[in-house]
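Student:
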Amino acid sequence: MTTNDTQTSTSGVKRELDHSDESQSASKRSKPSSGLNQHPIFWDSYGDVIIQVEDTLFKLQGATLARQSEYFSKLLDDGEDENVPKSKEVDDLPVHKISMTNVQDFEALLTAMDSSVLVSYLLERPPFEVVASILRISTVLDFPKLRDYAVNCMKDVWSDKLDRFSTTPKWLEHSAVAVQLARQYDVPVILKRALYELVRGSIFLEGTGKYISKADMVLLARASDSISNEWWNIMLREKSTPCVQKQSLGGTSSICSGFPAIRSTLPGNADFLIHRAKDPIIGFTSAMNAPWHPVCQSCLEAKRASWRKQRLSFWSKLDDWFELE
1 MTTNDTQTST SGVKRELDHS DESQSASKRS KPSSGLNQHP IFWDSYGDVI IQVEDTLFKL
61 QGATLARQSE YFSKLLDDGE DENVPKSKEV DDLPVHKISM TNVQDFEALL TAMDSSVLVS
121 YLLERPPFEV VASILRISTV LDFPKLRDYA VNCMKDVWSD KLDRFSTTPK WLEHSAVAVQ
181 LARQYDVPVI LKRALYELVR GSIFLEGTGK YISKADMVLL ARASDSISNE WWNIMLREKS
241 TPCVQKQSLG GTSSICSGFP AIRSTLPGNA DFLIHRAKDP IIGFTSAMNA PWHPVCQSCL
301 EAKRASWRKQ RLSFWSKLDD WFELE
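With the UniProt record's numbering, the residue at position 12 of the sequence shown is 12, and numbering never jumps.
1. Looking at the structure shown, is Thr-139 part of a helix, part of a strand, or coil, going by DSSP?
2. In angstroms with no decimal places, state the Cα-to-Cα distance between Glu-70 and Glu-323.
3. In this structure, what does DSSP give as the bridge partners for Asn-37?
4. Relative to the alpha-carbon of Phe-259, which residue among Glu-230, Ala-270, Ala-302 and Leu-219 has its alpha-carbon at the smallest distance?
5. Pro-291 by DSSP, collapsed to three states: which one?
6. Among Asp-320, Lys-59 and Phe-72, which residue has its Cα nearest to the Cα of Leu-36?
7. Can you name, in chain order, every residue of its own chain whose Cβ lies under 8 Å from the Cβ of Glu-22, other than the five neighbours on each side?
8. Does DSSP put Pro-144 in a helix, a strand or coil?
9. Check whether the region 114-134 and the region 39-54 touch, using three or more Cβ-Cβ pairs below 8 Å as the test.
10. Go through its chain and collect everything with a Cβ distance to Phe-72's Cβ below 6 Å, but skip five positions before and after it.
11. Rounding to the nearest angstrom, what Cα-Cα distance links Gln-184 and Met-154 in this structure?
12. In chain order, what residues of the same chain have a beta carbon less than 7 Å from the beta carbon of residue 390, not counting five sequence neighbours either side?
13. Residue range of the alpha helix (DSSP H) that Val-119 falls in?
14. CA-CA distance, Ser-264 and Asn-233?
15. Given this structure, state the Cα-to-Cα distance separating Phe-165 from Val-157, to the nearest angstrom.
16. Classify Leu-181 as buried or exposed, calling it buried when 16 or more other Cβ atoms lie within 10 Å of its own Cβ.
17. Let me check understanding here. Comparing Cα to Cα, which of Ile-134, Val-119, Asp-55 and Ser-120 lies closest to Val-95?
18. So, using beta-carbon positions, are Ala-261 and Ser-240 closer together than 8 Å?
19. Quick one: using the 10 Å Cβ neighbour count with 16 as the cut-off for buried, is Leu-75 buried or exposed?
See the structure below:
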């Protein structure tokens, strides 16, 4: 081998070594720091933003985030946010660490940002836990459209309108969490129905301490007493009423003897009165739907009208008992 051959060979090896070093350097830059993991789904090869949530990295398209979130719009436009520290680069991109959320909620947000997924969510509401995640993160990261969606889902279940009162929605068992979400993420419209559900089911005493604050536990106890007292005041102070038809006929013979006072029906209705003392809204409805034989239809309709009025008044009083503005 000549000297020139030796020099050429050495230069080639050197170039190969240099190229190998550059490849290794690039490889190191593309890998996350120790203890961090690339998300298996939300790692977009065309992404230009790296977001770190807890110990997970997400590679995303910044323009998509900025279009839907004022928070990300400012973050990516300004390039700096003192509340979002940057760590070492990954794929030659700075890593923005977001600490005000968790991986589960961030995954729920990114999933809902997919238009096809959101359409399916509009057609069929996803599980409560998913909507709760969307509400939390859309609030803290300022995604107004997704927040509106989550709030509307909550309102469908915990409406503050009496004509939409129902005990059948599947989510009612999550009322304690709903109260927590309403307090922490500014959804006061669902508080009335959620708090009432805790009272009517008496479940605010059973394992809800991790969701309900001590102040709300005291509030619920006081409200429960007020609700029961009002129910007994109404039911036990009602008076018997003469037959409506007899009055309209000028005192002539009547089909019935009028509507009896509730207390005169005891002890037959004692269980009903006791059971509904925590749930007068359903109590009034149950009373209205009862047969009440041999009371005539005119007397029954008159009594139902009175109970509907009392039911509406009762619903309005809940605002004071639950200390709602």
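Every residue gets a Cβ at the ideal spot worked out from N, C-alpha and C, and that includes glycine.
Tutor: Answer, in terms of the structure:
1. Stepping through the sequence shown from its first residue, residue 139 is reached at position 139. Reduced to three states, the DSSP call for Thr-139 is helix.
2. Here residue 70 is taken as the residue at index 70 of the sequence shown, counted from 1. Here residue 323 is taken as the residue at index 323 of the sequence shown, counted from 1. Each residue's alpha carbon lies about 33 Å from the other.
3. The residue you call residue 37 lines up with position 37 of the sequence shown. Partner(s): Thr-56.
4. Here residue 259 refers to the residue found at position 259 of the sequence shown. Residue Ala-302 is the option with its Cα nearest to Phe-259.
5. Along the sequence shown, one-based indexing puts residue 291 at 291. Of the three classes helix, strand and coil, the one that applies to Pro-291 here is coil, per DSSP.
6. Residue 36 sits at position 36 when you count from the first residue of the sequence shown. When only C-alpha atoms are compared, the closest one is Lys-59.
7. Here residue 22 refers to the residue found at position 22 of the sequence shown. At Glu-22, the pLDDT of 44 sits below 50, so the modelled position is not reliable and the matter cannot be decided from this model.
8. Within the sequence shown, residue 144 is the residue found at index 144, counting from 1. Helix.
9. no
10. On the sequence shown, position 72 is the one that residue 72 refers to. Counting only Cβ-Cβ distances below 6 Å, and skipping sequence neighbours, we find Leu-65 and Ala-66.
11. Position 184 of the sequence shown, counted from the first residue, corresponds to residue 184. Position 154 of the sequence shown, counted from the first residue, corresponds to residue 154. Computed Cα separation, rounded: 14 Å.
12. In the structure as shown, the chain begins at 1 and stops at 325. Residue 390 is therefore absent and cannot be evaluated.
13. Position 119 of the sequence shown holds residue 119. Counting along the chain, the alpha helix (DSSP H) containing Val-119 begins and ends at 115-123.
14. Translated into the one-based positions of the sequence shown, residue 264 becomes position 264. Translated into the one-based positions of the sequence shown, residue 233 becomes position 233. Across the structure, Ser-264 and Asn-233 are spaced so that their CA atoms are roughly 15 Å apart.
15. Here residue 165 is taken as the residue at index 165 of the sequence shown, counted from 1. Here residue 157 is taken as the residue at index 157 of the sequence shown, counted from 1. Distance between the alpha carbons of Phe-165 and Val-157: 9 Å.
16. For the purposes of this step, residue 181 is taken as residue 181 along the sequence shown, with counting starting at 1. Under this definition Leu-181 is a buried residue.
17. Residue numbering aside, residue 95 sits at position 95 when the sequence shown is read from its first letter. Of Ile-134, Val-119, Asp-55 and Ser-120, the residue nearest in Cα terms is Asp-55.
18. In the sequence shown, the residue the question calls residue 261 occupies position 261. In the sequence shown, the residue the question calls residue 240 occupies position 240. Yes, these two residues count as a Cβ contact at 8 Å.
19. Along the sequence shown, one-based indexing puts residue 75 at 75. Buried, since its Cβ has 16 or more Cβ neighbours within 10 Å.
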